[in-house]
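Novice: Taking our numbering, I'd label the letters of the sequence shown as residues 64 to 328.
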Amino acid sequence: MKAGTEPDRAEPDGAARPPLLREILLVAGLFLVYKLGRQLATGHTEAAFRNAHTVWDLERVLRLPGEGAVQSALLHGDTLVHTANVYYATVHFPATAAFLVWLYLRRPAHYVWARRVLAALTAAALALHLAFPLAPPRMLTATGLVDTARVYGPSVYGPPQTDTLSNQFAAMPSLHFGWALMLAIGLIVATRSRLRWLWLLHPLLTLLVIVGTANHYWLDALVAAALLGLALALVHAPRRTATTTDRGAADLAPAEDGALVGAGR
Numbered sequence: 064m065k066a067g068t069e070p071d072r073a074e075p076d077g078a079a080r081p082p083l084l085r086e087i088l089l090v091a092g093l094f095l096v097y098k099l100g101r102q103l104a105t106g107h108t109e110a111a112f113r114n115a116h117t118v119w120d121l122e123r124v125l126r127l128p129g130e131g132a133v134q135s136a137l138l139h140g141d142t143l144v145h146t147a148n149v150y151y152a153t154v155h156f157p158a159t160a161a162f163l164v165w166l167y168l169r170r171p172a173h174y175v176w177a178r179r180v181l182a183a184l185t186a187a188a189l190a191l192h193l194a195f196p197l198a199p200p201r202m203l204t205a206t207g208l209v210d211t212a213r214v215y216g217p218s219v220y221g222p223p224q225t226d227t228l229s230n231q232f233a234a235m236p237s238l239h240f241g242w243a244l245m246l247a248i249g250l251i252v253a254t255r256s257r258l259r260w261l262w263l264l265h266p267l268l269t270l271l272v273i274v275g276t277a278n279h280y281w282l283d284a285l286v287a288a289a290l291l292g293l294a295l296a297l298v299h300a301p302r303r304t305a306t307t308t309d310r311g312a313a314d315l316a317p318a319e320d321g322a323l324v325g326a327g328r
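Pasting the structure below:
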């Protein structure tokens, strides 16, 4: 059944939808605090490159697969690597926003849970960005990796010395991966379709993109997953009360919800 005609499921304890204006202001405020916080971490160039060499060497000690293997696969065709750059630049925020909007409209209690988890994850990430500035692998000559966004486009970053809109030394943890993983977990928890597990393809694809474009190390994603696990342990998901219509109703699946699927294109 399509999301537009699907019977509503009962939320736990008759959960009410939070006031829309308050939520818009809250989410916007959290985003602005995060952006301003990232700016506080800029300028630590020496420490960022020193930490980058440490992370790169640690990955080799841990025998993690080389990031270059993923990038080599992308570099087989200009179209493929360009598509990966577009995915990195355009999917992150719209997909997360669409996820929160859908939960707000259809699963209010799960929306509050997801918003709290994302806020906790982002706050922890900001603290780590401040404590451990890290240059991405595309900046580290020792990796032998190509800055695919600069070479093939499009790029969301300018030269680090003049880029005042973002902190390019905030590679760890990867919020691209952390938010994508939360999106998948949130939809798996909040829905009941047998196809809902396919949402895990989103964080998997995101992982391949962030590593293949040399924007993140494997460890950036692993740390993001660990922080998300901690946030999920502290912020418990709500229980939904089953209803008669709930037993036979099909739910949101990746191929059935135009808003969420469209956000990932």
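From the three backbone atoms N, C-alpha and C, an ideal C-beta is built for every residue, glycine too.
1) To which residues of the same chain is Pro217 closer than 7 Å at the C-beta, ignoring the five residues directly before and after it?
2) Check each candidate in His155, Gly241, Gly207, Val214 and name the one with the smallest Cα separation from Ala186.
3) Answer with buried or exposed for Ile248, where buried requires no fewer than 16 other C-beta atoms within 10 angstroms of its C-beta.
4) Below 8 Å on the Cβ atoms is my contact criterion, and I expect Leu270 with Ala284 to pass it. Report the Cβ-Cβ distance as a whole number of Å.
5) With C-beta atoms as the reference, is Arg255 less than 8 Å away from Tyr167?
6) Helix, strand or coil for Leu125 per DSSP?
7) Reducing DSSP to helix, strand and coil, say where Ala233 ends up.
8) What number of angstroms, rounded off, separates the C-alpha of Pro82 from the C-alpha of Val175?
9) Since Tyr215 and Asp141 should fall inside the 8 Å C-beta cutoff, what is the C-beta to C-beta distance between them, to a whole number of angstroms?
10) By Cβ distance below 8 Å, which residues in the same chain neighbour Trp260 in space, the five residues on each side in sequence not counted?
11) Rounded to whole angstroms, what's the CA-CA distance from Val133 to Ala91? Just pull it up for me.
12) In three-state DSSP terms, what is Ala305?
13) If you draw a straight line from the alpha carbon of Glu130 to that of Ala287, how long is it in whole angstroms?
14) Taking the alpha helix (DSSP H) that Leu165 belongs to, which residues open and close that run?
15) Enumerate in chain order the residues of its own chain whose CB-to-CB distance from Ala110 is below 6 Å, with the five nearest sequence positions on each side excluded.
16) Determine the contact status of Leu137 and Trp281, defining contact as a CB-CB distance below 8 Å.
17) How would you label Val124, buried or exposed, when you count the other beta carbons within 10 angstroms and need 16 or more for buried?
18) Under the three-state reduction of DSSP, which class applies to Leu138: helix, strand or coil?
19) In the DSSP assignment, find the alpha helix (DSSP H) that holds Ala212 and state where it starts and stops.
20) Using the three-state DSSP reduction, which class does Ala73 fall into: helix, strand or coil?
21) What residue from Pro200, His173, Leu143, Leu88 has the CA that sits closest to Val118's CA?
22) Counting C-beta neighbours from all protein chains within 10 Å, is the total for Thr204 16 or more, i.e. buried, or is it exposed?
Specialist: Taking the definition as stated:
1) Sequence-distant Cβ neighbours of Pro217 in its own chain, meaning closer than 7 Å and more than five residues away, are Asn148, Val149, Ala152.
2) Measuring from the Cα of Ala186, the nearest candidate turns out to be Gly241.
3) Its Cβ being crowded by 16 or more others within 10 Å, Ile248 is buried.
4) So it is a contact: roughly 5 Å between Cβ atoms.
5) No, these two residues do not count as a Cβ contact at 8 Å.
6) Note: Leu125 maps to coil in three-state DSSP.
7) Here DSSP, grouped into helix, strand and coil, assigns Ala233 to strand.
8) Val175 has its alpha-carbon roughly 11 Å from the corresponding atom of Pro82.
9) For a cut-off of 8 Å, the C-beta gap from Tyr215 to Asp141 is around 6 Å, short enough to register as a contact.
10) Closer than 8 Å at the Cβ level, and outside the excluded window around Trp260, lie Ile251.
11) Cα to Cα, the separation comes out at about 35 Å.
12) At Ala305, the pLDDT of 48 sits below 50, so the modelled position is not reliable; the number obtained from the coordinates is stated separately. Collapsing the DSSP output to three states places Ala305 in coil.
13) Rounded to whole angstroms, Glu130 to Ala287 spans 17 Å at the Cα level.
14) Sequence check: residue 165 is Trp here, not Leu. Taken as a continuous stretch (DSSP letters only), the alpha helix (DSSP H) holding Trp165 covers 155-169.
15) Here Ala110 has Pro196 as same chain residues with Cβ atoms under 6 Å from its own Cβ, once five neighbours each way along the sequence are excluded.
16) The Cβ atoms of Leu137 and Trp281 lie no closer than 8 Å to each other.
17) So Val124 counts as exposed.
18) The answer is coil: DSSP assigns Leu138 none of H, G, I, E or B.
19) First-last of the alpha helix (DSSP H) with Ala212: 211-215.
20) Note that Ala73 scores 47 on pLDDT, short of 50, meaning its location in the model is unreliable; the coordinates nonetheless yield the value given after this. Coil, per DSSP.
21) The option with the nearest alpha carbon to Val118 is Pro200.
22) Exposed: under 16 other Cβ atoms inside 10 Å.
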